[in-house]
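In the numbering used here, the protein residues as written are 88 to 253. For glycine and all other residues, C-beta sits at the position ideal for the given N, C-alpha and C.
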């Protein structure tokens, strides 16, 4: 039985801070046992879980998460995907979008225009595996990104070539 009585469910593992990943799942209904199973499988990879059943509250929540470093992994279904993704795709905090649906062929046509749509899955375990793989890759990228440095010194009066530095 799906739990549609509450409009928003939040399952924190910890409060969102910089460089955390929040998973937002937006659907007309989500089977509670299915969601709990997903949460259990992803708890090592995701910092904060949210379920939304209404587009306005979901969109407002996404907009409120504009803290630098906060990244959102977004899941939706075929009922809301096409219309809602067009409204949120441009948000900086949306990192990756997944579509969990029963008809992947139809979804593949319209999603080509959205580069953040990473995967369209019709099996829950395949969706979970894909999120884990993408999250692990992103962690490695985040490590590499933190090592990048840019040295620039603007000293127009004392211009020196690299040979003159010794």
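Using a Cβ-Cβ cut-off of 8 Å, state whether residue i counts as contacting chain D.
i           : result
residue 191 : Among the protein chains of the structure shown there is no chain D, as only one such chain exists.
For residue i, which of helix, strand or coil comes out of DSSP?
i           : result
residue 196 : helix
residue 185 : strand
residue 164 : coil
residue 137 : strand
residue 153 : coil
residue 232 : Reliability of the predicted coordinates at residue 232 is poor, the pLDDT of 47 falling under 50, and the value obtained from them is presented with this limitation in mind. In the structure shown, residue 232 sits in a helix (DSSP, three-state: H, G or I).
residue 130 : coil
Just the Cα atoms here: how many angstroms apart are residue i and residue j?
i           : j           : result
residue 198 : residue 169 : 8 Å
residue 144 : residue 224 : 30 Å
residue 122 : residue 175 : 22 Å
residue 112 : residue 158 : 14 Å
residue 178 : residue 147 : 12 Å
So, for residue i: in the same chain, excluding its five sequence neighbours on each side, which residues have a beta-carbon less than 8 Å away from its beta-carbon?
i          : result
residue 89 : Interpretation of residue 89 is limited by its pLDDT of 44, a score under 50 that renders its predicted location unreliable; no figure is taken from the coordinates.
Please list, in chain order, all residues of the same chain as residue i whose beta carbon is under 6 Å from its beta carbon, the five residues on each side excluded.
i           : result
residue 164 : 114, 187 and 188
residue 219 : 132
Identify, in the order they occur along the chain, each residue of the same chain with its Cβ nearer than 7 Å to the Cβ of residue i, setting aside the five sequence neighbours on each side.
i           : result
residue 221 : 183 and 205
residue 128 : 215
If you measure from the CB of residue i, is any heavy atom of the ligand FAD nearer than 7 Å?
i           : result
residue 189 : The ligand FAD is not among the ligands present in this structure, which contains no ligands whatsoever.
Within 10 angstroms of the Cβ of residue i, are there 16 or more other Cβ atoms? Answer buried if so, exposed if not.
i           : result
residue 194 : buried
residue 166 : exposed
residue 141 : exposed
residue 192 : exposed
Given 8 Å as the limit, is there contact between the region 167-185 and the region 200-218, that is, 3 or more CB pairs closer than that?
Yes, they touch.
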